[in-house]
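Peer 1: Chains A and B, in that order, are what the protein sequence lines are. Just so you know, we're using the numbering used here here: the first sequence kicks off at 27 and counts up by one. Just so you know, we're using the numbering used here here: the second sequence kicks off at 433 and counts up by one. Provided herewith is a single structure, encoded as structure tokens, for subsequent inquiry.
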Amino acid sequence: MKITPAELREKVKGLYEVIPRETEVVKVLKEECNGCGKCADLCPVGVYEINEKKAEVVAIEFCQECGLCYHVCPVGAITFTYPEGGTGIVYKWA
Amino acid sequence: MNYDVIVVGAGPAGSVAAKLCADKGLKTLLLEMGREPGEKNCSGTTIPLFNLYEDFPWINDPEMPITRNVYSNTHYWVFPDGERWFKTEAVGGVVTPPRAVNVYRDLWDPWLASKAMDAGAELRKSTTVWDVIKEGDAVCGVVTHTGEKIRSGVVIAADGLNSMVSIKAGLRDKRRVDEYGVCVKYDFESTPEHIEVAFNMADGQVANESWYGGTWSSGRTGYCWLFPNYDSISVGLFTLLSDLKENPFVLMQRFLEHPLVKTKLKGAKPRYYSVRNLNSCKNGVDKTCADGIMAVGDAAGFTCVVEGCGIPAALWSGKFAAETAIDAIASGDVSYSGLKAYETKWKNSFIARDMAGSKKTSDWLYKTVGAEGIGLFIQHAIEGWMLKHGWSEGGHDDACRSLMEDFIQSQLPRYLKLYGSLYEEGV
Ligand SMILES: Cc1cc2nc3c(=O)[nH]c(=O)nc-3n(C[C@H](O)[C@H](O)[C@H](O)COP(=O)(O)OP(=O)(O)OC[C@H]3O[C@@H](n4cnc5c(N)ncnc54)[C@H](O)[C@@H]3O)c2cc1C
């Protein structure tokens with residue numbers, strides 16, 4: 027089974043809340059990106075797609091701030107930071 | 433100076449550290465980026481209670497928000513065809529206190545943070561720390577997302593897995609990919625009646641379930657879990673990032689397709705989906721203290737990978753850091769030489785033994801057990817076997833380690849035989 031980032035976003039939509047944030051929690055450094063596609067293949071919420079052989083953040087509003095992309099990128103082309111307080115991913119388990 | 437101690441992050445490590453510092457009269461500030469502690473956190477979530485109440489009597493509080501008492505663990509071993517399985521069960525009666533409790537982090541974390549506030553710590557929510565203040569090499573405060581600078585004698589980095597504070601303070605660099613695992617977790621809404629049947633609770637027994645093998649482990653490492661809450665089921669998957677060849681979401685869907693899992697989740701609806709990293713400690717623990725700063729819990733890399741469990745290490749390292757901060761501030765030396773007692777404390781505790789044990793297990797597996805399929809099974813057998821005995825003996829450190837030695841030397845051949853024959857006969 028393979029799933030495209032767009033299909034993945036459809037599947038997880040509505041299953042968590044992201045309070046709009048100003049901070050760009052993940053960013054692709056275009057000059058560094060080698061287009062390997064790991065971020066797009068592995069991001070569990072479909073934030074990335076590959077366009078013209080470069081990774082692109084296409085759905086930042088889905089990002090759960092886990093840092094997976096930042097760690098799997100083999101060339102260090104992705105930056106990661108937490109957002110300003112009171113924003114971003116929140117869960118209400120109870 | 434604004435505060436004696438600033439603790440960054442109101443998870444289990446941070447709230448314990450802040451409470452214990454405030455108990456001794458230190459002026460303590462606890463900073464949390466969520467609007468409430470716990471709202472940005474997810475875990476399994478099971479909190480093992482071994483020895484917890486002895487060292488943290490105040491945690492033994494009837495008000496603690498729990499979703500189920502847990503008395504034992506059931507392990508399902510699924511063969512590479514993804515369907516056939518057998519199970520092993522830890523024997524554990526219904527006891528008081530229970531061996532573990534399941535909780536929701538958005539209720540449990542605020543409850544724990546309230547203990548710090550009751551002790552006199554100040555909690556500031558919706559505040560992200562983006563940098564540290566340094567004088568020379570010494571850390572002497574933090575910078576928040578609004579640019580506000582707050583100074584303190586000691587900073588305790590309790591900011592979890594991706595600890596930005598440890599990186600800014602120079603305790604470590606970005607971790608390598610082979611030092612991380614990833615978890616995806618669903619919360620399935622169900623009913624208490626269905627859960628009691630699906631998890632065989634007829635005699636009051638409650639067991640968490642770990643599921644090993646199958647087709648959802650990408651590469652050699654990984655497992656899934658089903659933890660019963662009162663009216664929901666936590667369904668998670670853990671695998672190492674360096675082994676990851678497929679999207680964790682896809683691996684999770686395969687687990688959800690297992691016939692028995694389907695039965696257990698019958699009528700249940702996913703209401704939450706979450707993703708978080710987990711430390712794998714493969715290359716050992718980072719530097720945990722320097723002038724003016726200590727890192728605790730996940731921020732320091734303390735997760736027992738063998739058991740996938742980080743809350744005990746978070747609680748105890750928070751305690752060790754608080755004790756160290758109290759002494760260092762009293763003696764007027766918050767440089768590395770005043771804080772290095774923290775290192776000694778955790779190195780002499782179960783934390784270091786767990787880290788060494790995790791590393792030993794993974795080194796041994798990677799070097800000794802070459803063949804992927806069987807290697808997968810053995811790792812899970814070891815984890816499960818240790819968990820089982822660790823649980824029933826109520827130990828989490830020495831007991832587990834010596835059991836592992838014993839397992840490798842004497843039990844492994846038996847497991848291999850068992851695996852072979854079960855696989856041939858079919859289950
Ligand atoms: C899916 C999953 C399941 C798990 N299951 C279990 C389990 O069942 N049992 C178990 O024992 N362990 C489990 N673990 C591990 C456990 O969750 C962690 O080891 C534990 O939460 C570590 O506690 P901590 O206090 O160190 O960090 P965290 O619990 O991560 O707390 C860090 C806190 O700091 C805040 N923060 C982070 N950065 C900043 C910043 N820059 N500024 C301000 N605030 C910040 C965060 O919002 C958070 O509240 C699991 C982990 C995962 C991912």
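Glycine included, every Cβ here is placed at the ideal spot set by N, Cα and C.
Just by C-beta distance, which residues in the stretch 70-95 of chain A are closer than 9 Å to chain B?
Peer 2: Those residues of the stretch 70-95 of chain A that come within reach of chain B (Cβ to Cβ, closer than 9 Å) are P70, V71, G72, Q90, E91, C92, G93, L94.
Peer 1: Which residues does DSSP list as the beta-bridge partners of N711 of chain B?
Peer 2: If you number the second sequence from 1, residue 711 of chain B lands on position 279. According to DSSP, N711 of chain B bridges with B:Y612.
Peer 1: Compare the C-beta of E110 of chain A with all C-beta atoms of chain B and state if any pair is closer than 8 Å.
Peer 2: For the purposes of this step, residue 110 of chain A is identified with residue 84 of the first sequence, where counting begins at 1. Yes, its Cβ sits closer than 8 Å to a Cβ of chain B.
Peer 1: Quick check on K862 of chain B: buried or exposed, where buried means 16 or more other Cβ atoms within 10 Å of its Cβ?
Peer 2: An answer regarding residue 862 of chain B cannot be provided, because it is not within the stretch 433 to 859 covered by chain B.
Peer 1: Just by C-beta distance, which residues in the stretch 546-579 of chain B are closer than 9 Å to chain A?
Peer 2: Against chain A - using a Cβ distance shorter than 9 Å - the residues of the stretch 546-579 of chain B are R556, K557, S558, T559, T560, V561, W562, T576, H577, T578.
Peer 1: Report, in whole angstroms, the separation of the C-beta atoms of V638 of chain B and P660 of chain B, which I expect to be a contact under 8 Å.
Peer 2: Start at 1 with the first residue of the second sequence, and residue 638 of chain B comes out as number 206. Start at 1 with the first residue of the second sequence, and residue 660 of chain B comes out as number 228. About 7 Å; that satisfies the 8 Å criterion.
Peer 1: What is the DSSP secondary structure of E567 of chain B, counted as helix, strand or coil?
Peer 2: Here residue 567 of chain B refers to the residue found at position 135 of the second sequence. Residue state, collapsed to three classes: strand.
Peer 1: Which chain B residues sit within Cβ distance under 8 Å of K118 of chain A?
Peer 2: Position 92 of the first sequence, counted from the start, is the residue given in the question as residue 118 of chain A. Within 8 Å Cβ-Cβ: E471, D538, Y704.
Peer 1: Just to make sure I have the definition right: I need the residues of chain B whose C-beta is within less than 8 Å of the C-beta of T107 of chain A. Which are they?
Peer 2: Residue mapping note: residue 107 of chain A aligns to position 81 of the first sequence, counting from 1. Those are W562, M596, listed as they occur along chain B.
Peer 1: By how many angstroms is the C-alpha of R467 of chain B removed from the C-alpha of S558 of chain B?
Peer 2: Here residue 558 of chain B refers to the residue found at position 126 when the second sequence is read from its first residue. Here residue 467 of chain B refers to the residue found at position 35 when the second sequence is read from its first residue. Approximately 5 Å, taken between the alpha carbons.
Peer 1: Spatial neighbours of G729 of chain B within its chain, please: CB distance less than 6 Å, with the 5 preceding and 5 following residues excluded, ordered by chain position.
Peer 2: Taking the first residue of the second sequence as position 1, residue 729 of chain B is located at position 297. Once the five neighbours on either side are set aside, the close Cβ partners of G729 of chain B are A445, A590, A746, S749.
Peer 1: List the residues of chain B that I29 of chain A touches, going by C-beta distances under 8 Å, in chain order.
Peer 2: Counted from its first residue, the first sequence places residue 29 of chain A at position 3. Here the neighbours are N679, F681, V682.
Peer 1: Quick check: is the beta carbon of V38 of chain A nearer than 8 Å to any beta carbon in chain B?
Peer 2: Stepping through the first sequence from its first residue, residue 38 of chain A is reached at position 12. Yes - at least one Cβ of chain B is within 8 Å of the one on V38 of chain A.
Peer 1: Let's test the definition: count the other Cβ atoms within 10 Å of the Cβ of K451 of chain B and tell me whether it reaches 16, buried, or not, exposed.
Peer 2: Counting from one through the second sequence, the residue named residue 451 of chain B turns up at place 19. With 16 or more other Cβ atoms within 10 Å, it is buried.
Peer 1: Applying a beta-carbon distance threshold of less than 8 Å, which residues of chain B neighbour V98 of chain A?
Peer 2: In the first sequence, the residue the question calls residue 98 of chain A occupies position 72. Chain B residues near V98 of chain A: V609, L673, L676.
Peer 1: Counting along the chain, where does the alpha helix (DSSP H) carrying A601 of chain B start and finish?
Peer 2: Your numbering for residue 601 of chain B matches position 169 in the second sequence. Note, A601 of chain B: alpha helix (DSSP H), 596-601.
Peer 1: Counting along the chain, where does the alpha helix (DSSP H) carrying D541 of chain B start and finish?
Peer 2: On the second sequence, position 109 is the one that residue 541 of chain B refers to. First-last of the alpha helix (DSSP H) with D541 of chain B: 537-550.
Peer 1: Between the stretch 447-466 of chain B and chain A, which residues of the former have a C-beta closer than 9 Å to a C-beta of the latter?
Peer 2: So the list reads L463, E464, M465, G466, given in the order they occur along the chain.
Peer 1: Taking Cβ-Cβ distances shorter than 7 Å, what residues in chain B pair up with I115 of chain A?
Peer 2: Mapped onto the first sequence, residue 115 of chain A falls at position 89. Result: K472.
Peer 1: Got a sec: is the Cβ-Cβ distance from L68 of chain A to anything in chain B below 8 Å?
Peer 2: Here the question's residue 68 of chain A lines up with position 42 in the first sequence. Closer than 8 Å to some Cβ of chain B, the Cβ of L68 of chain A qualifies, so yes.
Peer 1: Taking Cβ positions only, does D786 of chain B come closer than 8 Å to chain A?
Peer 2: Position 354 of the second sequence, counted from the first residue, corresponds to residue 786 of chain B. It does not: the Cβ of D786 of chain B has no partner Cβ on chain A nearer than 8 Å.
Peer 1: At what residues does the beta strand (DSSP E) containing S664 of chain B begin and finish?
Peer 2: Your numbering for residue 664 of chain B matches position 232 in the second sequence. Per DSSP, S664 of chain B belongs to the beta strand (DSSP E) from 664-672.
Peer 1: Is there a Cβ of chain A sitting closer than 8 Å to that of V527 of chain B, yes or no?
Peer 2: Along the second sequence, one-based indexing puts residue 527 of chain B at 95. No, its Cβ sits nowhere closer than 8 Å to a Cβ of chain A.
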